[in-house]
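Before any comments, here is the structure.
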Amino acid sequence: MLPKGQLFTYGLQHVMAMYAGAVAVPLIIANALGLPHEQVIYLIQCDLVVGGIATMIQALGFWNMGIKSPIMQGVSFAAVAPMILVGKTHGLAGIFGGTIAAGAIGYFLSPFFSKLIRFFPKVVTGTIITLIGVSLLPVAVRWAGGGNPAAPDFADLQNIGLAFTVLIIIVILYRVLTGFWSNIAVLMGLVIGTLVAIPFGMTNFSQVSTAAWFSVVTPLAFGMPIFDITSIIAMTLVFLVIMTETTGDIIAVGEIVGKPVNQDDLARGLRADAFSTLLGGFMNTFPHSAFAQNVGLLAMSGIRSRYVVVAAGIILGSLGLFPKAAAVVAAIPNPVLGGAGIAMFGMVATSGIRALAKVKFEGNHNAMIVAISLGVGLIPLAAPGFYHKLPQFAQLILHSGITAGSIVALTLNYFFNECGKKVDDVDVQAETASHHC
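Taking our numbering, the leading residue of the sequence shown gets 579, the next gets one more, and so forth.
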């Protein structure tokens, strides 16, 4: 437990680093469904409030939920495509019904899903963590260019200049400062970058004056949920994908903070995800998962206290109740976030490389496992429409490079290291016996 001032500052740094990603999903869904401006703002409020509650459950633990590690929670991007399809047929009520059902099903599946932990040796976890970092880097690059690749000013000199200015500021502060000040280099970079952007007209504080000071969110504000069987199946499938990604994030955080994850830990973490998703459906928002963006900040700052993330959850939830404060954070220009993101997401990939450095590669097939898994995981980054002719359920799984790469890594590790061969305990946690097909 750190002093209150440090808890707030470190927590604010986490919130500012993930805010753009946290509010992106309700914006995308609202635009796709053509919702009015008032409903868009309300969806963002609900998103922030539930994200704050979910983060506190995950970090503090509640009943049989929460891994008690510094993990931020937010709305998952993985569910965007199916939610738009469901929303165009059944509206928001159909999305929320599917979300509630998927959360409930995921909650009961969590103990069974967590048994897969024994199939996550260092060669698999290192590969997944590396994929998480590499998969996030294009997000940072898009932010650095201005956010929207279709915009006429995307990647112009002003946007790129601001992004690299922020990156250089963070690097210098990280190198020159020590202790507390070095740990908040990202936060200071975001603040300084935003101040630098003001004279160039790259910030927009107009929403601050129009936003309300205080606003409460209420359950089922859009009416009773619609429990359509097709929608439930679609949302449950995507939640299984989310559980796979969350498993990778939980293991990544365990590596960074030096707290190995066991089966019970993973079950608690996945239950927290599922409960937050179920709660989200009732509270007018969408499926929640561990936020990979904050894994990079955790690696970069070196602050392992879970109470920092609890503070971040309180701040995040408060922003949902105080729209004017949320509008201030939302005014951070995308290029500023991009400069910080390059450093943070690169650190996630570095954590994966560090984990792979502990893997034994001589006299086995681990190099092939890493090579093929990374190759498959990078396909959606190299060609986003690569799988567009496949059935919808296959696209749900393969569209995420993290999920596709994770599945390949798990499959190849079983094929090479567990199927009929003696396993080295360096490569497979706590396993030295022979396994046979």
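Built from N, CA and C at the ideal position, the CB exists for glycine as well.
Quick check: residue i and residue j, are their CB atoms within less than 8 Å of each other?
{"i": "A890", "j": "G898", "result": "no"}
{"i": "P648", "j": "V831", "result": "yes"}
{"i": "G681", "j": "G859", "result": "yes"}
{"i": "L856", "j": "I678", "result": "yes"}
{"i": "L751", "j": "A775", "result": "no"}
{"i": "V867", "j": "I828", "result": "Residue identity differs from the one stated: residue 867 is Ser in this sequence, not Val. No; because the gap between Cβ atoms is not below 8 Å, this pair is not in contact."}
{"i": "N944", "j": "V712", "result": "no"}
{"i": "A850", "j": "I607", "result": "no"}
{"i": "C997", "j": "V795", "result": "no"}
{"i": "F758", "j": "Q591", "result": "no"}
{"i": "T1024", "j": "T781", "result": "With the chain covering only 579 through 1015, there is no way to say anything about residue 1024."}
{"i": "F971", "j": "L815", "result": "yes"}
{"i": "L714", "j": "V886", "result": "no"}
{"i": "S688", "j": "A812", "result": "no"}
{"i": "Y965", "j": "N761", "result": "no"}
{"i": "V888", "j": "L638", "result": "yes"}
{"i": "G599", "j": "G652", "result": "yes"}
{"i": "G684", "j": "F817", "result": "yes"}
Secondary structure at residue i, three-state DSSP: helix, strand or coil?
{"i": "F732", "result": "coil"}
{"i": "M925", "result": "helix"}
{"i": "A868", "result": "strand"}
{"i": "F993", "result": "helix"}
{"i": "M878", "result": "helix"}
{"i": "G941", "result": "coil"}
{"i": "T573", "result": "The requested residue 573 is not part of the displayed model; the chain covers only 579 to 1015."}
{"i": "T703", "result": "helix"}
{"i": "G859", "result": "helix"}
{"i": "D1005", "result": "For D1005, the predicted structure reports a pLDDT of 48, less than 50, and the residue's modelled location is therefore unreliable. The matter cannot be settled from this model."}
{"i": "I910", "result": "coil"}
{"i": "K936", "result": "coil"}
Candidates the options: which alpha carbon is nearest residue i's?
{"i": "I810", "options": "E996, A595, D731 and A657", "result": "A657"}
{"i": "M594", "options": "H966, Q871, R884 and L687", "result": "Q871"}
{"i": "I747", "options": "L765, F758, D731 and P730", "result": "L765"}
{"i": "Y992", "options": "T814, G917 and F697", "result": "F697"}
{"i": "T989", "options": "G589, T703, H615 and N609", "result": "T703"}
{"i": "V786", "options": "D731, F900, L755 and N840", "result": "F900"}
{"i": "P838", "options": "N995, I645 and A637", "result": "I645"}
{"i": "K902", "options": "W641, Y620, H977 and G724", "result": "Y620"}
{"i": "F800", "options": "I622, L976, A671 and M579", "result": "A671"}
{"i": "S978", "options": "I957, N995, L968 and P969", "result": "I957"}
{"i": "V618", "options": "W641, L745, P660 and N862", "result": "N862"}
{"i": "M596", "options": "L663, T633, L580 and H966", "result": "T633"}
{"i": "G665", "options": "Y588, V719, N609 and F655", "result": "N609"}
Cβ-heavy atom distance between residue i and the ligand MG below 7 Å?
{"i": "N944", "result": "As far as ligands go, the structure on display features none, and thus does not contain the ligand MG."}
message: Just to confirm the assignment: which complete alpha helix (DSSP H) runs, minimum length 4, are found wholly within the segment 762 to 839?
response: Runs of the alpha helix (DSSP H) spanning 4 or more residues and lying entirely within the segment 762 to 839 occur at 763 to 775, 784 to 788 and 807 to 835, in chain order.
query: Are three or more beta carbon pairs between the segment 922 to 932 and the segment 872 to 890 nearer than 8 Å?
result: These segments touch.
field: Stretch pair the segment 905 to 918 + the segment 727 to 735: three plus CB contacts closer than 8 Å
entry: Not touching, per the Cβ criterion.
message: Is it the case that the segment 689 to 705 contacts the segment 841 to 848, given that we only count it when at least three CB pairs across the two stretches are under 8 Å?
response: With a cut-off of 8 Å on Cβ pairs, the segment 841 to 848 is in contact with the segment 689 to 705, counting three or more such pairs.
message: Measuring CB atoms only, is the segment 703 to 710 touching the segment 979 to 991, in the sense that at least three cross pairs come out at less than 8 Å?
response: The segment 703 to 710 vs the segment 979 to 991: in contact.
message: Ignoring anything shorter than 3 residues, give me the beta strand (DSSP E) runs that lie fully in the segment 604 to 679, in order along the chain.
response: Entirely contained in the segment 604 to 679, the beta strand (DSSP E) runs reaching 3 residues are, in chain order, 651 to 653.
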